[in-house]
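To keep things clear, I will list the structure first and then write my remarks on it.
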Amino acid sequence: MCASQFTDVQMEDLRASFALFDQDGDGHITTSELTAVMKCLGQNPTDAEILAIIKEVDADGNGTIEFSEFVIAMAKSVNDIDAEKEIKEAFDVFDKDGNGHINVEELRYVSVNLGETFSDEDIAEMLKQADFDGDGVVNYKGIFLCLDIFLKLLDGCKNSACKLLF
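And the structure:
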(Lines of atoms letter the chains of each structure in order from A and count residues from 1; the text may use other names and numbers.)
(Lines give C-alpha, C1' and ligand atoms only; values in the text may rest on other atoms or scores of the structure.)
Protein backbone atom coordinates (compact mmCIF):
# COMPACT_ATOMS: atom_id res chain seq x y z
CA MET A 1 0.00 0.00 0.00
CA CYS A 2 1.31 3.44 -0.83
CA ALA A 3 0.09 6.89 0.09
CA SER A 4 -2.24 7.07 -2.91
CA GLN A 5 -4.04 3.95 -1.71
CA PHE A 6 -5.13 5.53 1.58
CA THR A 7 -8.55 7.15 1.65
CA ASP A 8 -8.88 10.86 2.36
CA VAL A 9 -10.09 10.05 5.87
CA GLN A 10 -7.13 7.74 6.48
CA MET A 11 -4.72 10.42 5.24
CA GLU A 12 -6.37 12.92 7.58
CA ASP A 13 -5.88 10.47 10.48
CA LEU A 14 -2.25 9.96 9.46
CA ARG A 15 -1.68 13.73 9.42
CA ALA A 16 -3.22 14.03 12.90
CA SER A 17 -1.10 11.15 14.15
CA PHE A 18 2.05 12.62 12.64
CA ALA A 19 1.28 15.89 14.42
CA LEU A 20 1.16 14.05 17.76
CA PHE A 21 4.76 12.99 17.23
CA ASP A 22 5.92 16.23 15.57
CA GLN A 23 5.48 18.27 18.72
CA ASP A 24 7.02 21.49 17.39
CA GLY A 25 5.13 21.31 14.09
CA ASP A 26 8.21 21.68 11.88
CA GLY A 27 7.33 18.74 9.62
CA HIS A 28 9.96 16.38 11.06
CA ILE A 29 9.87 13.80 13.84
CA THR A 30 13.20 14.15 15.60
CA THR A 31 14.96 11.81 17.98
CA SER A 32 13.87 13.93 20.94
CA GLU A 33 10.23 13.96 19.81
CA LEU A 34 10.23 10.19 19.31
CA THR A 35 11.86 9.76 22.73
CA ALA A 36 9.16 11.91 24.36
CA VAL A 37 6.37 9.86 22.79
CA MET A 38 8.02 6.59 23.81
CA LYS A 39 8.37 7.82 27.38
CA CYS A 40 4.69 8.74 27.30
CA LEU A 41 4.04 5.10 26.38
CA GLY A 42 6.02 3.86 29.36
CA GLN A 43 9.22 3.03 27.48
CA ASN A 44 12.69 4.24 28.37
CA PRO A 45 14.61 3.83 25.12
CA THR A 46 18.34 4.32 24.79
CA ASP A 47 19.71 6.78 22.27
CA ALA A 48 20.82 3.80 20.16
CA GLU A 49 17.29 2.36 20.11
CA ILE A 50 15.80 5.69 19.08
CA LEU A 51 18.37 6.08 16.31
CA ALA A 52 17.63 2.54 15.09
CA ILE A 53 13.91 3.32 14.78
CA ILE A 54 14.59 6.60 12.98
CA LYS A 55 17.11 4.94 10.66
CA GLU A 56 14.68 2.18 9.77
CA VAL A 57 12.00 4.66 8.64
CA ASP A 58 14.22 7.54 7.42
CA ALA A 59 14.36 6.92 3.66
CA ASP A 60 16.29 10.10 2.81
CA GLY A 61 18.84 9.62 5.59
CA ASN A 62 18.52 13.11 7.09
CA GLY A 63 18.08 11.82 10.64
CA THR A 64 14.39 12.68 10.99
CA ILE A 65 11.07 11.24 9.83
CA GLU A 66 9.07 13.37 7.41
CA PHE A 67 5.37 12.86 6.73
CA SER A 68 5.96 10.95 3.47
CA GLU A 69 8.26 8.51 5.29
CA PHE A 70 5.72 8.21 8.08
CA VAL A 71 2.99 7.29 5.57
CA ILE A 72 5.19 4.60 4.00
CA ALA A 73 5.93 3.12 7.44
CA MET A 74 2.22 3.10 8.25
CA ALA A 75 1.37 1.44 4.94
CA LYS A 76 3.68 -1.46 5.79
CA SER A 77 1.65 -2.37 8.85
CA VAL A 78 -1.85 -1.13 8.10
CA ASN A 79 -3.46 -4.56 8.42
CA ASP A 80 -3.39 -4.85 12.21
CA ILE A 81 -7.12 -5.23 12.82
CA ASP A 82 -6.88 -6.00 16.54
CA ALA A 83 -4.75 -2.97 17.44
CA GLU A 84 -7.67 -0.71 18.36
CA LYS A 85 -9.27 -3.38 20.54
CA GLU A 86 -5.99 -4.01 22.38
CA ILE A 87 -5.36 -0.30 22.88
CA LYS A 88 -8.91 0.24 24.17
CA GLU A 89 -8.50 -2.63 26.64
CA ALA A 90 -5.22 -1.15 27.88
CA PHE A 91 -6.81 2.30 28.16
CA ASP A 92 -9.69 0.85 30.17
CA VAL A 93 -7.23 -0.58 32.71
CA PHE A 94 -6.08 2.97 33.45
CA ASP A 95 -9.53 4.59 33.21
CA LYS A 96 -10.74 3.26 36.57
CA ASP A 97 -13.97 5.30 36.70
CA GLY A 98 -14.86 4.61 33.05
CA ASN A 99 -15.34 8.27 32.11
CA GLY A 100 -13.13 8.09 29.01
CA HIS A 101 -10.27 10.04 30.59
CA ILE A 102 -7.16 9.17 32.59
CA ASN A 103 -6.27 11.65 35.31
CA VAL A 104 -3.29 11.92 37.68
CA GLU A 105 -4.91 9.79 40.39
CA GLU A 106 -5.77 6.99 37.97
CA LEU A 107 -2.28 7.01 36.48
CA ARG A 108 -0.74 6.89 39.97
CA TYR A 109 -3.11 4.09 41.07
CA VAL A 110 -2.29 1.86 38.10
CA SER A 111 1.44 2.50 38.28
CA VAL A 112 1.51 1.56 41.98
CA ASN A 113 -0.54 -1.59 41.32
CA LEU A 114 1.85 -2.57 38.54
CA GLY A 115 4.70 -2.31 41.02
CA GLU A 116 6.14 0.88 39.56
CA THR A 117 7.11 3.71 41.87
CA PHE A 118 7.05 7.00 40.05
CA SER A 119 7.50 10.36 41.69
CA ASP A 120 4.69 12.90 41.48
CA GLU A 121 6.87 14.79 39.00
CA ASP A 122 7.26 11.68 36.79
CA ILE A 123 3.52 11.06 36.82
CA ALA A 124 2.80 14.71 36.00
CA GLU A 125 5.30 14.55 33.12
CA MET A 126 3.75 11.34 31.74
CA LEU A 127 0.32 12.93 31.89
CA LYS A 128 1.61 16.10 30.23
CA GLN A 129 3.19 14.10 27.39
CA ALA A 130 -0.02 12.13 26.77
CA ASP A 131 -2.42 15.10 27.21
CA PHE A 132 -2.71 15.95 23.53
CA ASP A 133 -5.44 18.56 23.87
CA GLY A 134 -4.09 20.26 27.02
CA ASP A 135 -7.16 19.69 29.20
CA GLY A 136 -5.25 18.04 32.06
CA VAL A 137 -6.38 14.47 31.35
CA VAL A 138 -5.56 11.80 28.79
CA ASN A 139 -8.44 10.95 26.49
CA TYR A 140 -8.86 7.74 24.52
CA LYS A 141 -8.71 9.24 21.04
CA GLY A 142 -5.40 10.95 21.64
CA ILE A 143 -3.75 7.99 23.27
CA PHE A 144 -5.18 5.63 20.64
CA LEU A 145 -3.70 7.64 17.81
CA CYS A 146 -0.38 7.85 19.57
CA LEU A 147 -0.15 4.15 20.50
CA ASP A 148 -1.56 2.82 17.25
CA ILE A 149 0.87 4.77 15.11
CA PHE A 150 3.80 3.98 17.38
CA LEU A 151 3.03 0.25 17.31
CA LYS A 152 2.74 0.36 13.53
CA LEU A 153 6.08 2.12 13.32
CA LEU A 154 7.66 -0.62 15.41
CA ASP A 155 5.87 -3.32 13.42
CA GLY A 156 7.36 -1.93 10.22
CA CYS A 157 10.80 -1.80 11.81
CA LYS A 158 13.01 -4.72 10.77
CA ASN A 159 16.00 -3.78 12.93
CA SER A 160 16.47 -6.02 15.96
CA ALA A 161 17.17 -3.01 18.20
CA CYS A 162 13.70 -1.70 17.38
CA LYS A 163 12.09 -5.04 18.25
CA LEU A 164 13.87 -5.17 21.61
CA LEU A 165 11.81 -2.24 22.84
CA PHE A 166 8.75 -4.42 23.14
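Position 51 of the sequence shown, counting from 1, maps to 51 under UniProt numbering, and the rest follow consecutively. Every residue, glycine too, gets a C-beta built ideally from N, C-alpha and C. Being a predicted model, the structure only gives us computed values, none of them experimental.
In the three-state reduction of the DSSP assignment, V138 falls in the strand class.
8 Å or more divides the Cβ of M74 from the Cβ of L20. The DSSP-derived three-state label of E105 is helix.
Taking C-beta separations shorter than 6 Å and ignoring five residues to either side along the sequence, the partners of Y140 in its chain run F91, G100, following chain order. In terms of Cβ geometry, T30 and P45 do not form a close pair [threshold 8 Å]. Looking at the DSSP output, I65 sits in a beta bridge with I29. CA-CA distance, D8 to A16, rounds to 12 Å.
About 6 Å separates the beta carbons of G27 and E66, which is inside the 8 Å limit, making them a contact pair. The three-state secondary structure of T35, taken from DSSP, is helix. A residue is called buried once 16 or more other Cβ atoms fall within 10 Å of its Cβ, and A59, having fewer, is exposed. A straight line joining the alpha-carbon of E125 with that of I87 spans about 21 Å. T64 counts as buried, since no fewer than 16 other beta carbons sit within 10 angstroms of its beta carbon. About 5 Å separates the Cβ atoms of F70 and F18, confirming a contact at the 8 Å cut-off.
Membership of D131 in any alpha helix (DSSP H) is not indicated, and neither H nor E is assigned to it by DSSP.
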